[in-house]
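One structure is given here, and the rest of the page talks about it.
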Amino acid sequence: MRICFVVHGYPPEERTGVENYTECLARELAQRGHEVHVFTRRTDPSLGHLATRVERRAGTTVHWLATNEHPRNEREALDLPGAAEEFGLFLDDVRPEVVHFQHVLKLGVGLLRAAHTRSIPVVYTAHDFYAICHRFTLLRPDLENCGARQDPDACARCDRAIELLHGFGLEDYQLGMFEHELTDEQQSALSAVLEGAGEADAIEASQELRRELGAARIDAFRCVDLLISPSQHLADVLVEGGFDAERMEVLAYGLELDELKVLAPPPPLEGRKLRLAFFGGLSKHKGVQDLLAAFDGLADVCELTVHGYTSDAGHRARLEEAAARVGARMAGAYHRDAVAGLYASVDAVVVPSIWAENQPLVIREALAARRPVVTANYGAMPESVTDEVNGLLFEARNVESLRTTLRRLATEPGLFERLSGAATEVKDVATQATELEVRYAALVAERDQRLARERDRLPRSLGEPAARFQRLSDLPTDELIRRAVGGITALSSHFELGADRGPWSAGLMLELDAASELRAESRRNAWLEAEHAERSRELSWRQGAMEDLTRAREYLAGEVKAAQAEATWYRESLERAHENLERASESLTRAETGRDELVASFERLTERLEELGADVSGLRQALAWARQDLAAMPKLALAAVEAQTRLLEDELEPLQAAAGDDSRPEESPIHSYRRAFEQIHRELHWRRDEMQAVSARVNRGWLGRLLRRTGLGNRVRGWTQGGAS
Amino acid sequence: MKRPVSVVLPSLDLPELLDANLPVLLAELDRRGLDDEVVVVDDTGSGAIVEHLATRFPSVVAVRQSENSGFARALSAGIEAARHDHIFSMNTDVRVHAGFLEPLLETLSRADVGLVAPRVRLGGEADDIESINAIRFERGLVSFRQPNLPASREESVELGDAPIDVAFAVGGTMLLERELFQRLGGFDASFEPFYWEDIDLSWRVWRAGLRVVVEPRSVVDHLHRGTIGKVVPRELVQCMLEKNRWLFTWKHLDRTALEEHLAGLCRLVIDATARGRRDELVPLCYALEQLAGVLTARDGSLDAPNNFRELAERTDPTAHPDSNSQRTRSN
Numbered sequence: 002m003r004i005c006f007v008v009h010g011y012p013p014e015e016r017t018g019v020e021n022y023t024e025c026l027a028r029e030l031a032q033r034g035h036e037v038h039v040f041t042r043r044t045d046p047s048l049g050h051l052a053t054r055v056e057r058r059a060g061t062t063v064h065w066l067a068t069n070e071h072p073r074n075e076r077e078a079l080d081l082p083g084a085a086e087e088f089g090l091f092l093d094d095v096r097p098e099v100v101h102f103q104h105v106l107k108l109g110v111g112l113l114r115a116a117h118t119r120s121i122p123v124v125y126t127a128h129d130f131y132a133i134c135h136r137f138t139l140l141r142p143d144l145e146n147c148g149a150r151q152d153p154d155a156c157a158r159c160d161r162a163i164e165l166l167h168g169f170g171l172e173d174y175q176l177g178m179f180e181h182e183l184t185d186e187q188q189s190a191l192s193a194v195l196e197g198a199g200e201a202d203a204i205e206a207s208q209e210l211r212r213e214l215g216a217a218r219i220d221a222f223r224c225v226d227l228l229i230s231p232s233q234h235l236a237d238v239l240v241e242g243g244f245d246a247e248r249m250e251v252l253a254y255g256l257e258l259d260e261l262k263v264l265a266p267p268p269p270l271e272g273r274k275l276r277l278a279f280f281g282g283l284s285k286h287k288g289v290q291d292l293l294a295a296f297d298g299l300a301d302v303c304e305l306t307v308h309g310y311t312s313d314a315g316h317r318a319r320l321e322e323a324a325a326r327v328g329a330r331m332a333g334a335y336h337r338d339a340v341a342g343l344y345a346s347v348d349a350v351v352v353p354s355i356w357a358e359n360q361p362l363v364i365r366e367a368l369a370a371r372r373p374v375v376t377a378n379y380g381a382m383p384e385s386v387t388d389e390v391n392g393l394l395f396e397a398r399n400v401e402s403l404r405t406t407l408r409r410l411a412t413e414p415g416l417f418e419r420l421s422g423a424a425t426e427v428k429d430v431a432t433q434a435t436e437l438e439v440r441y442a443a444l445v446a447e448r449d450q451r452l453a454r455e456r457d458r459l460p461r462s463l464g465e466p467a468a469r470f471q472r473l474s475d476l477p478t479d480e481l482i483r484r485a486v487g488g489i490t491a492l493s494s495h496f497e498l499g500a501d502r503g504p505w506s507a508g509l510m511l512e513l514d515a516a517s518e519l520r521a522e523s524r525r526n527a528w529l530e531a532e533h534a535e536r537s538r539e540l541s542w543r544q545g546a547m548e549d550l551t552r553a554r555e556y557l558a559g560e561v562k563a564a565q566a567e568a569t570w571y572r573e574s575l576e577r578a579h580e581n582l583e584r585a586s587e588s589l590t591r592a593e594t595g596r597d598e599l600v601a602s603f604e605r606l607t608e609r610l611e612e613l614g615a616d617v618s619g620l621r622q623a624l625a626w627a628r629q630d631l632a633a634m635p636k637l638a639l640a641a642v643e644a645q646t647r648l649l650e651d652e653l654e655p656l657q658a659a660a661g662d663d664s665r666p667e668e669s670p671i672h673s674y675r676r677a678f679e680q681i682h683r684e685l686h687w688r689r690d691e692m693q694a695v696s697a698r699v700n701r702g703w704l705g706r707l708l709r710r711t712g713l714g715n716r717v718r719g720w721t722q723g724g725a726s
Numbered sequence: 002m003k004r005p006v007s008v009v010l011p012s013l014d015l016p017e018l019l020d021a022n023l024p025v026l027l028a029e030l031d032r033r034g035l036d037d038e039v040v041v042v043d044d045t046g047s048g049a050i051v052e053h054l055a056t057r058f059p060s061v062v063a064v065r066q067s068e069n070s071g072f073a074r075a076l077s078a079g080i081e082a083a084r085h086d087h088i089f090s091m092n093t094d095v096r097v098h099a100g101f102l103e104p105l106l107e108t109l110s111r112a113d114v115g116l117v118a119p120r121v122r123l124g125g126e127a128d129d130i131e132s133i134n135a136i137r138f139e140r141g142l143v144s145f146r147q148p149n150l151p152a153s154r155e156e157s158v159e160l161g162d163a164p165i166d167v168a169f170a171v172g173g174t175m176l177l178e179r180e181l182f183q184r185l186g187g188f189d190a191s192f193e194p195f196y197w198e199d200i201d202l203s204w205r206v207w208r209a210g211l212r213v214v215v216e217p218r219s220v221v222d223h224l225h226r227g228t229i230g231k232v233v234p235r236e237l238v239q240c241m242l243e244k245n246r247w248l249f250t251w252k253h254l255d256r257t258a259l260e261e262h263l264a265g266l267c268r269l270v271i272d273a274t275a276r277g278r279r280d281e282l283v284p285l286c287y288a289l290e291q292l293a294g295v296l297t298a299r300d301g302s303l304d305a306p307n308n309f310r311e312l313a314e315r316t317d318p319t320a321h322p323d324s325n326s327q328r329t330r331s332n
């Protein structure tokens, strides 16, 4: 039978579970005499994008499609442009009787359609949730499990959350980030998007896209005639996601187990440390971080070796750091041919995945080698491991539960020996190949019956030609060419034209080989032409842009010139303005100085005024007093003089009487009294004059003028006039 | 020409076409009043058409094929059942014009004419004449042209009233004598299920020394609503067309032409390989599966001298602009 496998990567380019499994299956079927083709992809910069190369390997033919251009958006990620067309050409050339898809990641769901439209039975083995989840793990970007099934809203939130992670500027965030890897702010933004709050507009747009892509995915997967699920869990989830259970079958993986099966069972513990191992990729969903955390504190009872690798450098570094801290060994990547050798020094295997693993190949291998498996009680893992029989189950995502379980296995007497003594039947690749042969044959028969039914609808005379046409259409191109050449030879031979002999025939074969090569090259050429056209368009756009830029530069040069002239004018104006400013500043300074002087003068004047005011008050008071004195003085003085006079007269009389002597009149008391009396009179006159002089001076002097000018005059006038009156 | 004619119509269609076109034919035959008959061969295999004819057209002779056998066999069965020597074969989607038979009979009565076809107007369009055709042999490969159809209008042949030589008479509209048909061995079963059997028959007529002509005065309209395109996948139709082209080639090319053909065939295979043209390789392989049969038929064919290229040129109406009324329209 002509069988074609389609897979997203293939050894030696890529060597993880699906790729290895496919290679193993292809080799087994080829050994059974089937013509096996593998259509796969790789990045190959030495070839054009979508160029193909063919390689013969271990009885199989591997067709490599170079996918050098990454999808530019989600639509292209679902269905890589051009890949389905190339696959179609391949299908036409090879005409496999059945196409068995192992994965269409990085190739696109269009390949399913390409096989279906050619009436070739399509088998699809679901190795993960890709058929319903574009992230294929049903893990959200916060690495929590997604409960949705083909829900555009949930998918849109995933998209938006990834965009958010992208915006955080993190490295290696594609699969998602654990809570502890994010800041509080980042965490709350992430959970807001995932839990349904906010971002309504952005999510609505994304929902629309996801609705469309979801429909395209469902439509493409309708082309699958038989979907093989290695586990019941996966089958159930796919049915929940809308898959037709009728077209689905649960078939466990069959592996190449010869070397593992003959491996000696692990020796009893007898007091030694339990040798634990992890095998597999170290991506976040594999749960190695939990395993290392659980191992913390167990180094006294067990050893842990982690075999595997991840390109996620940040996560790898964190794992290495954690391993160093807890005393585990990171052994790095391993070649699958070396697996049996590695198992020889392993007692038990841990599969700590945090996602719903489908049917981990590692579990199958470990059980075949009679190594007990410790794994999470989640997804399809319990389908492979029977708790307490051939392994132990721990509570998924619970580090404490894993630690307890590991400690128990390492320390509980007899437990390890009992579990490792259990014999588990693990399907080998030969059994799997037989299962598939049966199914392939059934599908081909079913397809033939369907086509026969279609032919039955044709007029009867067309039945046989249609069947023959179908039979010929199912032949590979090489076979058609071989027959055509055979026909030419037969014709030539019949008519003895000589084309069937010697160099003529050899020449034709050479021509045909050249034509085959020409065809392969013409496809590459078509790509190059497309590239050339694309580059030419780009070049022409760039030339246009360059012309625009040149014109813009010229315009700007003119603008710059004008601006420079303007700048010069402004500069000169500015200089002039500066000069003016300086002059103005000087004037201002002078004015300010003048002002300050004026202010100082004013203040001095004000002070003086206040002083004068005080003086005036004093003077006024003095004036009042003087007036009073003045008013009182003549009377008082007169009274005093009169009193003095009387006193003097009183004194004089006795004296006159007593002395009657005026021999020295100037020395007599009367004389001295008279002089005193005269003195008092003069003083009285002087004071009156003085009083009048002061009043007049106040009224007419500079102070009066100042007060009138400053407006204080009105107030002052009262008392000056008062003073003057 | 007062000869009675049997008009034979193989039918695979639902009765609508018969309902539409038979009344016109019957009226025309009535007008002639010469004991013409209409033979409809029910090729459905179900007898549905026989029943329909019995109720709607009781005068029509119904021949029932026990199972669907294809156009050529049905037509042969009709010819077998016909009462008259002169047979006008006709598709059910052809509508005749008044007086279409007389010119055909007149021309067929000429000693050198073996087959005669009317002016067949495709879709009733006056300028689209289906029955004008030529066989070409270029770069070692055989093909046919219909120069008076829009696709190759630049070669168009202007028709007068005189008969014009053509490479073949289309099976769906031709007048022949049963005797010649039987003498030539009828249709070659290699060409089943359809296409090129009429070209093969015509070419055998030419190789027997007789002419195949179009009688322009006889007019019918081909309304082209046949069954094949409706029920048969296009790829299969195309494959049969191509397959039978190869069979015709290998049956009729002379040795010299075959040498050239072999080179052409190699070129084609190389080209198909280079361009991944499976649609060319599949019919070729189909034909090759029938190679032995066609070589036998070839060996048993007429002994007359055979120069394919010469005959192709001789029968090409576009190659003789000056002969008779034939004239190639110059652009």
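Chains as they are written, first to last, in my numbering: chain B, 2 to 726; chain C, 2 to 332.
Where is the CB? At the ideal position from N, CA and C, for every residue including glycine.
| Query | Result |
| --- | --- |
| Closer than 8 Å to chain C by CB, residue 488/B | yes |
| Supposed close pair residue 175/C, residue 466/B - CB separation, criterion 8 Å | That belief does not hold up - the Cβ atoms of residue 175/C and residue 466/B are roughly 24 Å apart, past 8 Å. |
| First through last residue of the beta strand (DSSP E) which encompasses residue 113/C | Premise fails: residue 113/C is in no beta strand (DSSP E) and is neither H nor E. |
| Rounded distance between the beta-carbons of residue 172/C and residue 90/C, thought under 8 Å | 6 Å |
| Residue interval of the alpha helix (DSSP H) (run including residue 134/B) | Run containing residue 134/B: none; DSSP gives neither H nor E here. |
| Where residue 285/B falls, given that 16 or more other Cβ within 10 Å makes a residue buried | buried |
| For residue 204/C, three-class secondary structure by DSSP | helix |
| Buried versus exposed call for residue 336/B [16 or more other C-beta atoms within 10 Å across all chains shown] | exposed |
| Among 448/B, 279/B and 377/B, the one whose alpha carbon lies nearest that of residue 118/B | 448/B |
| C-beta contact flag for residue 291/C and residue 248/C at 8 Å | yes |
| Whether residue 733/B touches residue 97/B by CB criterion (8 Å) | Outside the shown range of chain B (2 to 726) lies residue 733/B, about which nothing can therefore be said. |
| Exposure label - residue 290/B; buried when at least 16 CB within 10 Å | buried |
| Candidates 242/B, 537/B and 492/B, of which the one nearest residue 263/C by Cα | 492/B |
| Contacting residues, own chain, Cβ-Cβ under 7 Å from residue 212/C (five flanking each side not counted) | 113, 114, 115 and 166 |
| Under 7 Å by beta carbon: chain C residues contacting residue 482/B | 270, 274 and 282 |
| Below-8 Å beta-carbon distance, residue 491/B vs any chain C residue | yes |
| Interface flag, residue 243/C vs chain B, CB-CB below 8 Å | no |
| Meets three-Cβ-pair contact criterion under 8 Å: the stretch 59-68 of chain B and the stretch 34-41 of chain B | yes |
| Residue 512/B at chain C interface by Cβ criterion, 8 Å | yes |
| Residue-chain proximity (residue 15/C, chain B), Cβ-Cβ < 8 Å | no |
| Strand pairing of residue 125/B, partner residues [DSSP] | 102/B and 228/B |
| C-beta neighbour in chain C for residue 466/B, strict 8 Å | yes |
| Beta-carbon proximity of residue 341/B to residue 261/B, cut-off 8 Å | yes |
| CB of residue 6/C within 8 Å of CB of residue 76/C, strictly | no |
| Best match in 478/B, 309/B, 346/B and 187/B for proximity to residue 333/B [C-alpha to C-alpha] | 309/B |
| Per-residue contacts from residue 97/B into chain C (C-beta, under 9 Å) | Neighbours of residue 97/B on chain C: none; closest Cβ ~15 Å, over 9 Å. |
| Alpha helix (DSSP H) segments (min. 4 residues) lying fully within the stretch 148-186 of chain B | 153-168 |
| Collapsed DSSP secondary structure at residue 188/C in the structure displayed | coil |
| Cα-Cα separation between residue 486/B and residue 239/C, rounded to whole angstroms | 22 Å |
| Coarse secondary structure for residue 133/C, derived from DSSP in three states | coil |
| Minimum C-alpha distance to residue 73/C - residue among 157/C, 198/C, 22/C and 298/C | 198/C |
| Under 7 Å by beta carbon: chain C residues contacting residue 495/B | 296 |
| Environment of residue 111/C [buried if 16+ CB atoms lie within 10 Å] | exposed |
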